[in-house]
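So the sequence shown is numbered by the working numbering: it starts at 1 and just counts up by one.
Just so it is clear, CB atoms sit at the ideal spot from N, CA and C, and this is done for glycine as well.
Working notes, beginning with the structure itself.
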Amino acid sequence: MTCALLFPGQGSQSVGMGKELADNFGSAKAVFDEVDEALGVKLTQIMWEGPKETLTLTENAQPALMAVSMAVMKVLQAEKGFKLAEQAKFVAGHSLGEYSALAAAGALSLADTARLLQIRGRAMQAAVPVGQGAMTALLGVGIDVGRKVAAEAAADGEPCEVANDNEARQVVLSGAKAAIERAMKLGADHGVRRALPLPVSAPFHCSMMQPAADAMAEALGNVTISKPVVPLVANVLASAIDDPTEIAQKLVSQVTGTVRWRESMSYMISEGVTSYYEIGAGKVLTGLVGRADKSLSAQTVGDSAAIDSMMSAVRT
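What follows is the structure in structure tokens.
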């Protein structure tokens, strides 16, 4: 078996996520306790009790999703005998999930990852005043159409750019609110089946996020990044890297750059990866695996039963 571990991005959060793991595994509870301590806030209380609106805030959602992913990883490794270096070929994460992937692969410490994501969330929120940016998902078209629509919708001082190339028939645009509104109207002329506005508070992965990229460059310069035990398939490259200096550079580029998930999947498939495990909350990436190639195996791993199911599969 050749497998890769995938780590979800923002939008996969839900109140209660990770609680079952903390209740059943001391190693998982230790992860959540360490994240709370690193951040100086009771993030677990927000995760497990809500309200949803507070959990959804970018500065909370990002470290919270990472914490759930790392709790799953700790159970897999400390209590179930999973050996990442021997049993997986790559790690990859969607946007903030790239930090989870690096923590899972030993490139970043858990405490540093939590603090980096708190900084990242706050910086991304602060980069653009609320109401000035927006994002939309164009359904039924691919990257070429997405680029055309974005170029037509952009104007001086009102950028519109491809934020996520998720799959062959789904592209996300990000930019100034007025430009995104124009893009949603233009879509029909280019074969867009539906233009779906996304419930986000800032225009992620576009040039308007440059202040956040600057903040992350400074923050990443203050932490130690080690060589991951397995390579990371980087969002902005859609290929594997393991050099710590390059990893830091690509994490900065990722703030304003396109998440090239479709190409990342193509890369992993070309490298012989046939089984994918989405580690943490939600099932967004599992769905994208199926749409990339229906012959691939994909499984969400976010609770005790799923962990046991994964271990049964990787042992065969």
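Start and end residues, beta strand (DSSP E) containing residue i
{"i": "V301", "result": "297–301"}
{"i": "L220", "result": "No beta strand (DSSP E) holds L220; the alpha helix (DSSP H) holding it covers 210–220."}
{"i": "M135", "result": "133–139"}
{"i": "A195", "result": "194–197"}
Beta-bridge partners of residue i, as assigned by DSSP
{"i": "S275", "result": "C3, S297"}
{"i": "G282", "result": "Paired residues: none, contrary to the question."}
{"i": "D36", "result": "D36 is not bridged to any residue."}
{"i": "A240", "result": "V233"}
{"i": "E167", "result": "Q170"}
{"i": "R147", "result": "Paired residues: none, contrary to the question."}
{"i": "F90", "result": "A4"}
{"i": "C160", "result": "G175"}
{"i": "A155", "result": "E158"}
N- and C-terminal bounds of the alpha helix (DSSP H) containing residue i
{"i": "N60", "result": "58–74"}
{"i": "M124", "result": "110–127"}
{"i": "R260", "result": "Careful: R260 lies outside any alpha helix (DSSP H) and carries neither H nor E."}
{"i": "S304", "result": "304–315"}
{"i": "S100", "result": "97–104"}
{"i": "T44", "result": "43–49"}
{"i": "D23", "result": "19–24"}
Whole-angstrom distance between residue j and residue i, CA atom to CA atom
{"i": "G272", "j": "T2", "result": "7 Å"}
{"i": "F90", "j": "P129", "result": "37 Å"}
{"i": "Y277", "j": "V172", "result": "24 Å"}
{"i": "A292", "j": "Q170", "result": "11 Å"}
{"i": "M17", "j": "M124", "result": "23 Å"}
{"i": "G302", "j": "S201", "result": "26 Å"}
{"i": "D223", "j": "D243", "result": "Sequence inspection shows Val at residue 223; the Asp mentioned does not correspond to that position. Answer to the nearest angstrom: the Cα atoms are 15 Å apart."}
{"i": "S264", "j": "E161", "result": "19 Å"}
{"i": "A248", "j": "A215", "result": "13 Å"}
{"i": "S309", "j": "R315", "result": "10 Å"}
{"i": "S14", "j": "A150", "result": "31 Å"}
{"i": "V145", "j": "G191", "result": "8 Å"}
{"i": "K83", "j": "Q10", "result": "27 Å"}
{"i": "R122", "j": "V72", "result": "25 Å"}
{"i": "A28", "j": "S304", "result": "11 Å"}
{"i": "A4", "j": "T258", "result": "21 Å"}
{"i": "A238", "j": "A217", "result": "21 Å"}
{"i": "D189", "j": "L139", "result": "13 Å"}
{"i": "I241", "j": "A103", "result": "15 Å"}
{"i": "G290", "j": "Y267", "result": "15 Å"}
{"i": "K294", "j": "T274", "result": "11 Å"}
{"i": "S12", "j": "S69", "result": "11 Å"}
{"i": "P203", "j": "I307", "result": "35 Å"}
{"i": "T256", "j": "K74", "result": "31 Å"}
{"i": "T54", "j": "W48", "result": "11 Å"}
{"i": "E246", "j": "Q254", "result": "12 Å"}
{"i": "M184", "j": "S226", "result": "42 Å"}
{"i": "S174", "j": "I279", "result": "27 Å"}
{"i": "T300", "j": "L288", "result": "12 Å"}
{"i": "S297", "j": "S270", "result": "15 Å"}
{"i": "K19", "j": "M311", "result": "21 Å"}
{"i": "A176", "j": "R147", "result": "16 Å"}
Distance CB(residue i)-CB(residue j) smaller than 7 Å
{"i": "K250", "j": "V236", "result": "yes"}
{"i": "F32", "j": "T44", "result": "yes"}
{"i": "A213", "j": "V252", "result": "yes"}
{"i": "A330", "j": "A38", "result": "The structure shown does not extend to residue 330, since the chain is modelled only from 1 to 316, so the question has no answer here."}
{"i": "E152", "j": "L186", "result": "yes"}
{"i": "A85", "j": "P228", "result": "no"}
{"i": "G142", "j": "A168", "result": "yes"}
{"i": "E158", "j": "A179", "result": "yes"}
{"i": "L21", "j": "L285", "result": "no"}
{"i": "P51", "j": "G282", "result": "no"}
{"i": "A114", "j": "V35", "result": "yes"}
{"i": "L196", "j": "A137", "result": "yes"}
{"i": "A393", "j": "V233", "result": "The requested residue 393 is not part of the displayed model; the chain covers only 1 to 316."}
{"i": "R262", "j": "D165", "result": "yes"}
Any non-hydrogen atom of the ligand GDP closer than 6 Å to residue i Cβ
{"i": "A202", "result": "For the structure depicted, the ligand GDP is absent and the ligand set is empty, with no information on it obtainable."}
Proximity test, Cβ basis, 7 Å: residue i and chain D
{"i": "Q210", "result": "Structure shown: chain D not included; a single protein chain is present."}
TODO: Check whether the stretch 116–127 touches the stretch 55–68, taking contact to mean three or more Cβ pairs, one atom from each stretch, closer than 8 Å.
DONE: yes
Task: Stretch-stretch touch, CB-based, cutoff 8 Å, three pairs: the stretch 74–83 with the stretch 199–219 - done: no
TODO: Indicate whether the contact test is met: 3 or more Cβ pairs, each with one atom in the stretch 132–148 and one in the stretch 91–102, closer than 8 Å.
DONE: no
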